[in-house]
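J.: Just so you know, the working numbering puts 572 at position 228 of the sequence shown, and the rest follows in order with no gaps.
C-beta: ideal position from N, C-alpha, C; glycine also.
It should be emphasised that the depicted structure is a prediction, and the values quoted were computed from it without experimental measurement.
Before I ask anything, let me first share the structure, which is written out below as structure tokens.
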Amino acid sequence: MWQPGGGGRDVPPRRRCRLRGRQGALGRVLGPPVRAAARSRRRADRSLRRPLIEEHVELTGRQLTLLRPPSADELIDEEAFGEDEFLPYWAELWPSGVALARVVAQLDLHGKRVVEIGAGLGLPSLAAALRGADMLSTDWAEDAIALLRENATRNGVVLRAERVRWDEPAPLLAGSPWDLVLGADLLYEQRNAERLLQLVPQLGGEILLAEPGRPFAAAFLAHWDVEEVADRVYRLR
Numbered sequence: 345m346w347q348p349g350g351g352g353r354d355v356p357p358r359r360r361c362r363l364r365g366r367q368g369a370l371g372r373v374l375g376p377p378v379r380a381a382a383r384s385r386r387r388a389d390r391s392l393r394r395p396l397i398e399e400h401v402e403l404t405g406r407q408l409t410l411l412r413p414p415s416a417d418e419l420i421d422e423e424a425f426g427e428d429e430f431l432p433y434w435a436e437l438w439p440s441g442v443a444l445a446r447v448v449a450q451l452d453l454h455g456k457r458v459v460e461i462g463a464g465l466g467l468p469s470l471a472a473a474l475r476g477a478d479m480l481s482t483d484w485a486e487d488a489i490a491l492l493r494e495n496a497t498r499n500g501v502v503l504r505a506e507r508v509r510w511d512e513p514a515p516l517l518a519g520s521p522w523d524l525v526l527g528a529d530l531l532y533e534q535r536n537a538e539r540l541l542q543l544v545p546q547l548g549g550e551i552l553l554a555e556p557g558r559p560f561a562a563a564f565l566a567h568w569d570v571e572e573v574a575d576r577v578y579r580l581r
């Protein structure tokens with residue numbers, strides 16, 4: 345069984361407060377996102393109605409181009425936060441997503457049915473689809489799904505992307521058991537850890553989880569046999 349070590353980052357809990365003046369809020373909660381060769385090329389996106397910038401990430405010799413919002417903080421919506429404490433974490437390219445994608449890019453996934461939960465920009469999903477997976481990428485945020493579909497098309501990647509809430513997981517369960525379940529940096533809130541502890545065992549198959557040392561990760565990982573396959577990327581069984 346997994347035992348907590350000393351390698352995790354000291355991450356403060358999310359502040360339960362009004363959103364006014366929260367410039368830089370996401371970075372204070374989760375740490376700095378990746379800035380991978382971002383260019384200033386901007387365009388209007390029909391779903392986000394905001395300018396986007398390009399990120400370039402190389403995976404096993406192939407360069408992927410991702411559109412993303414220039415600032416996740418600018419997407420913070422007080423009404424959405426008040427309804428379900430929703431923050432647009434999906435809009436950043438986080439180090440755990442890159443780390444998981446690099447692991448996935450080394451796998452042979454031809455003929456495998458793979459799902460990513462909490463996909464955000466979906467870099468691991470793109471990597472899995474490029475390695476032959478029958479890929480379903482899911483996230484809570486509608487804008488994340490719209491942008492993920494566009495990024496897949498831009499990179500010539502075939503996958504499915506659907507909006508799924510973890511407390512309404514019917515689309516995930518309908519495809520169970522999956523051959524492989526992917527997740528990157530999902531355990532930054534206690535409610536996430538609690539919901540995923542109920543959901544993930546129902547999805548079947550093997551789990552690859554990138555986890556940078558969030559405070560709620562230890563209790564979650566204690567329920568699994570854990571193998572570290574790369575730096576802070578774990579195989580759960």
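#1: Identify the residues that DSSP records as bridge partners of Pro513: which are they?
#2: Among the residues of its own chain, which have a CB less than 7 angstroms from the CB of Glu571, if the five just before and after it don't count?
#3: Is it right to say Pro545 is buried, meaning 16 or more other beta carbons lie within 10 angstroms of its own, or is it exposed?
#4: Less than 8 angstroms separating the beta-carbons of Glu494 and Leu411?
#5: Using a 10 Å radius around the Cβ and a threshold of 16 neighbouring Cβ atoms, would you call Asp575 buried or exposed?
#6: So Pro521 and Leu541 are in contact, right, with Cβ under 8 angstroms, and what is the actual spacing, rounded?
#7: Would you check if the distance between the CB atom of Asp523 and the CB atom of Ala554 is smaller than 8 angstroms?
#8: Would you call the region 448-456 in contact with the region 472-479, where contact means no fewer than 3 C-beta pairs closer than 8 angstroms?
#9: In angstroms, rounded to a whole number, what distance separates the CA positions of Gln534 and Gly519?
#10: If you follow the alpha helix (DSSP H) that Arg535 is in, where does it begin and where does it stop?
#11: Select from Arg406, Arg446 and Thr409 the residue whose C-alpha is nearest the C-alpha of Leu526.
#12: Give me the residue from Leu503, Ala562, Ala537 and Leu543 with the minimum Cα distance to Ala514.
#13: Just the Cα atoms here: how many angstroms apart are Ala562 and Trp568?
#14: Give me the residue from Arg504, Ala490, Ala488 and Ala537 with the minimum Cα distance to Arg457.
#15: First and last residue of the alpha helix (DSSP H) that includes Ala445?
#16: Take the Cβ of Glu512 as the centre, count every other Cβ of all protein chains shown within 10 Å, and call the residue buried at 16 or more, exposed below.
#17: Helix, strand or coil: how does DSSP classify Ser481 here?
#18: Measuring only the C-alpha atoms, how far is Arg509 from Arg406?
#19: Could you tell me the alpha carbon to alpha carbon distance between Gly466 and Pro439, rounded to whole angstroms?
#20: Tell me the DSSP secondary structure of Leu530 in three-state form.
#21: Is Arg507 helix, strand or coil by DSSP?
#22: May I ask you to report which of helix, strand or coil DSSP gives Pro521?
#23: What is the DSSP secondary structure of Leu453, counted as helix, strand or coil?
T.: According to the structure data:
#1: Pro513 pairs with nothing; no bridge assigned.
#2: Tyr578 and Arg579
#3: exposed
#4: yes
#5: exposed
#6: About 18 angstroms; that fails the 8 angstroms criterion.
#7: no
#8: yes
#9: 26 angstroms
#10: Gln534 to Leu547
#11: Arg446
#12: Leu543
#13: 10 angstroms
#14: Arg504
#15: Pro439 to Val448
#16: exposed
#17: strand
#18: 32 angstroms
#19: 12 angstroms
#20: coil
#21: strand
#22: coil
#23: coil
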